[in-house]
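Colleague:
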Amino acid sequence: MSAPDAAASLEDAPPRALPRIDYGAHPAYGGMFEPAKWLRRHAQATLEPILEEVRRGDRERLSAFGRARGQGTGISRELAAQGFSLRQLEPRALEPLSRAAAPLVRIIRARLDELAAAGLPLSFKAAQEVVDRAVHPELWTLAEDAMREAGLFEAAMDYAGAPGAKLKSAAVMVNRPGQAWCTDIFRGGDFETPPTVGFHIDSVVFSGLKLVLYLNDVDADQGPFGVIPASHLWEPESDGRAIRRAFDRWPYLSRGPNERRALVSLPPELQLKAEFGGDMPPEAPETLDLVAREHVATGPRGQLNAFVPEAIHRGGITRAGERQVMLLSIAARRAVVRAPERGAGEP
Ligand SMILES: [Fe+2]
């Protein structure tokens, strides 16, 4: 289904809820571990301060920016209605940016080759190079210029109803088959990986937008960006969303045995994850419904996938070939900060 068709068919649809997983009945959770009273106390005591921090952050963000608007540019209108917007970067912006990112792509590829040769799983950390503005000023500036030219700064400002925006983060990533975080996610055991693996809402929410820029052509097997249209409007600003995001910063976040035992020991109302896709029952109607709703954004090199962090999304789940991307985020700012003029301070 194309993005506009998806948006049209969702117009009259009732608001939907984020998937809730019955962890007590899940074979890798309640099927293996009994909730323990002592662990319940510990699990709750470690989660609650994080949850309070997330709630406080949400209140501050709401009082600073209010609710998202998205009335102006085409991109921000799409972000407001669907939670995502797809654009194509012009060659004059893409080519220099791609050239500046190439050395980082080479570093990551060499690292992944080494891991594969040693028979080791490909870790998330190995697949990514964070772009530090001070270390790679040219790459950072080219990314900033490309985003500005593509209207993304304007879109972030309009979406958040803020007078300014800035590039918040940048990274280069290379995805290949055999990544540890999307295959054999329960680290052994006979558990089927569901077709929803990887679906999540972001744990770090900010007023602005995120971007996945394809540095090579990405087909269905190469781990295209996928998003559930309008899912940023499911349970908007609810406490359930705050719990999910707090869970993502919890020490028992992973799917190791101790962590799964800690999760089943929590009170059921706190058993909510931001990264829930891998825990959905493989054949359940809700699982199949979510997959059917996914907009799979296959596309050419230079495709710019913009989305809001609250939408359900995934990407980089590569079955064959390779995906090379730049991951960027643009944050709205309450005040306009004038960038120094080019050449200022030079003789
Ligand atoms: Fe994400």
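Numbering (my numbering), first residue to last: 3 to 349. Ideal placement from N, C-alpha and C gives every residue a C-beta, glycine not left out.
(1) Should ASP204 be counted as a contact of ligand 1 given a C-beta to heavy atom distance under 7 Å?
(2) According to DSSP, HIS202 sits in a beta bridge with which residue or residues?
(3) Would you mind listing the beta strand (DSSP E) stretches within the stretch 269–311 that are 3+ residues and don't spill past its ends, in chain order?
(4) Any heavy atom of ligand 1 closer than 7 Å to the CB of HIS44?
(5) Mind reading off the beta-carbon distance from GLN181 to GLY323? Whole number of angstroms is fine, and I expect it under 8 Å.
(6) Near PHE201, which residues of its chain fall below 6 Å by C-beta distance, leaving aside the five closest residues on each side in sequence?
(7) Would you say the stretch 118–138 touches the stretch 167–181, given that touching needs at least three Cβ pairs under 8 Å?
(8) Do you know offhand how far THR75's Cα is from PRO197's?
(9) How about GLN326 and LEU217: do their beta carbons lie closer than 8 Å?
(10) Can you round the beta-carbon distance between ALA145 and LEU88 to whole angstroms, since I take them to be within the 8 Å contact cut?
(11) Using the C-alpha atoms, what's the distance from ILE230 back to MET34?
(12) By the 10 Å Cβ neighbour count, where 16 or more other Cβ atoms means buried, how is PHE126 classified, buried or exposed?
(13) Short of 8 Å in beta carbon distance, which residues of its chain neighbour LEU114, apart from the five on each side in sequence? Order them along the chain.
(14) Please go through the stretch 74–128 and give each complete beta strand (DSSP E) segment of 3 or more residues, from N-terminal end onward.
(15) Which residue from SER331, LEU265, GLU312, GLU285 puts its Cα closest to that of TRP40?
(16) Taking the straight line between their C-alpha atoms, what separation do you get for PRO139 and ASP291?
(17) To test your reading of the DSSP string, which unbroken beta strand (DSSP E) runs of 3 or more residues are found completely within the stretch 227–259?
(18) Within this structure, are the beta carbons of GLY228 and VAL298 separated by less than 8 Å?
(19) Considering only their Cβ atoms, is the gap separating PHE188 from ARG257 smaller than 8 Å?
(20) Can you name, in chain order, every residue of its own chain whose Cβ lies under 8 Å from the Cβ of PRO6, other than the five neighbours on each side?
(21) Can you tell me which of the three DSSP states ALA27 falls into?
(22) Which residues does DSSP list as the beta-bridge partners of ARG325?
(23) List, from N- to C-terminal side, the alpha helix (DSSP H) runs of 4 residues or more that fit wholly inside the stretch 127–169.
(24) Does the distance from the CB of SER205 to the CB of ALA162 come in under 8 Å?
(25) Please state whether DSSP places ALA358 in a helix, a strand or coil.
(26) Thinking C-beta only, is GLY85 closer than 8 Å to ALA232?
(27) Look at the Cβ atom of ASN307, then the Cβ atom of VAL214, and state whether they are nearer than 8 Å.
(28) Assuming contact is defined by CB atoms lying nearer than 8 Å, are THR48 and PRO253 in contact in what I supplied?
(29) Rounded to whole angstroms, how far is the Cβ of ILE245 from the Cβ of LEU272, which I believe are closer than 8 Å?
(30) List the residues that DSSP assigns as beta-bridge partners of LEU215.
Modeller: The structure says:
(1) Set against 7 Å, the gap from the CB of ASP204 to the closest heavy atom of ligand 1 is smaller.
(2) For HIS202, which the question treats as bridged, DSSP gives the partners HIS315.
(3) Entirely contained in the stretch 269–311, the beta strand (DSSP E) runs reaching 3 residues are, in chain order, 297–299, 305–309.
(4) Answer for HIS44: no, Cβ out of range of ligand 1.
(5) Going by Cβ atoms, the distance from GLN181 to GLY323 rounds to 13 Å, so no, they are not a contact pair.
(6) Cβ within range, chain order: GLY279, ILE314, ARG316.
(7) Yes: at least three Cβ pairs fall under 8 Å.
(8) Using only the alpha carbons, I get a separation of about 35 Å.
(9) It is a contact, given that the beta carbons lie within the stated cut-off.
(10) Contact flag wrong, Cβ pair sits at about 18 Å.
(11) One C-alpha to the other measures close to 31 Å.
(12) An exposed status is given to PHE126, since fewer than 16 other beta-carbon atoms sit within 10 Å of its beta-carbon.
(13) These residues qualify, in order along the chain: LEU124, ALA128, ALA129, VAL176, ARG178.
(14) Listed in chain order, they are 86–90.
(15) For the set SER331, LEU265, GLU312, GLU285, the Cα lying nearest the Cα of TRP40 is the one of LEU265.
(16) Roughly 44 Å between the two C-alpha positions.
(17) Taking only runs of at least 3 residues, the beta strand (DSSP E) segments lying wholly in the stretch 227–259 are 227–229.
(18) When the beta-carbon positions are compared, GLY228 and VAL298 come within less than 8 Å of each other.
(19) The Cβ atoms of ARG257 and PHE188 sit closer than 8 Å to each other.
(20) Reliability of the predicted coordinates at PRO6 is poor, the pLDDT of 46 falling under 50, and no value is obtained from them.
(21) DSSP places ALA27 in coil when its eight states are reduced to three.
(22) ARG325 is bridged by DSSP to ASN177.
(23) Taking 4 residues as the shortest admissible run, the stretch 127–169 contains the following complete alpha helix (DSSP H) segments, listed from N- to C-terminal end: 139–151, 154–162.
(24) SER205 is not a Cβ neighbour of ALA162, given a cutoff of 8 Å.
(25) Outside the shown range of the chain, which is 3 to 349, sits residue 358, and nothing can be said about it.
(26) Yes, the pair counts as a contact, with Cβ atoms nearer than the cut-off.
(27) Closer than 8 Å, so yes.
(28) Yes.
(29) Cβ atoms of ILE245 and LEU272 come within 8 Å of each other, at about 6 Å.
(30) LEU215 is bridged to LEU306, MET328.
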